[in-house]
Amino acid sequence: MQGLSRLIKQNIPIALVSRCFNGIAEPVYGYEGGGLNLQEQGVMFVKELNAPKARLKLLIALNAGLQGEDLKTYMEG
Numbered sequence: 001m002q003g004l005s006r007l008i009k010q011n012i013p014i015a016l017v018s019r020c021f022n023g024i025a026e027p028v029y030g031y032e033g034g035g036l037n038l039q040e041q042g043v044m045f046v047k048e049l050n051a052p053k054a055r056l057k058l059l060i061a062l063n064a065g066l067q068g069e070d071l072k073t074y075m076e077g
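So for the sequence shown, full-length UniProt numbering puts the first residue at 1; every next one is plus one.
Rendered as structure tokens:
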């Protein structure tokens, strides 16, 4: 978790996806490393995309200059 915290403090965007075929990543568990804890730290939850597609979407957003809440809205929408 320390590495993740360092990345977030450096404003490096973190997108979380599920590896389950029909699953989604959700901010529901409040323990350290749980979804709720990650969301509170600023991790974006990407639904309906696998990891390669989410990475591509993130690269497109960053190239377009999206940051902060605009980036979060785009990635989570």
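C-beta atoms are modelled at their ideal positions from N, C-alpha and C, and glycine is treated no differently.
Problem set entry | Segments of 4+ residues assigned as alpha helix (DSSP H) that fall wholly inside the region 37-69 | Complete alpha helix (DSSP H) runs here, min 4: 51-63.
Problem set entry | Residue burial classification, A51 (beta-carbon count within 10 angstroms, cutoff 16) | Stepping through the sequence shown from its first residue, residue 51 is reached at position 51. It is exposed - the Cβ of A51 has fewer than 16 other Cβ atoms within 10 Å.
Problem set entry | Inter-stretch contact at 8 Å, needing at least 3 Cβ pairs: the region 23-35 / the region 56-69 | No, because fewer than three Cβ pairs between the region 23-35 and the region 56-69 fall closer than 8 Å, the two stretches do not touch.
Problem set entry | K9 versus Q41, A25, K47, residue with shortest Cα-Cα distance | Mapped onto the sequence shown, residue 9 falls at position 9. Answer by Cα proximity: Q41.
For this session: Go to I8, then tell me how far its alpha helix (DSSP H) extends in each direction, as first and last residue.
Result: Here residue 8 corresponds to residue number 8 of the sequence shown, with the count starting at 1. It spans 2-9 - the alpha helix (DSSP H) in which I8 sits, taken as one unbroken run.
Exercise. According to the Cβ coordinates, are L66 and M44 closer than 9 Å?
Worked result: One-based indexing of the sequence shown puts residue 66 at position 66. One-based indexing of the sequence shown puts residue 44 at position 44. No.
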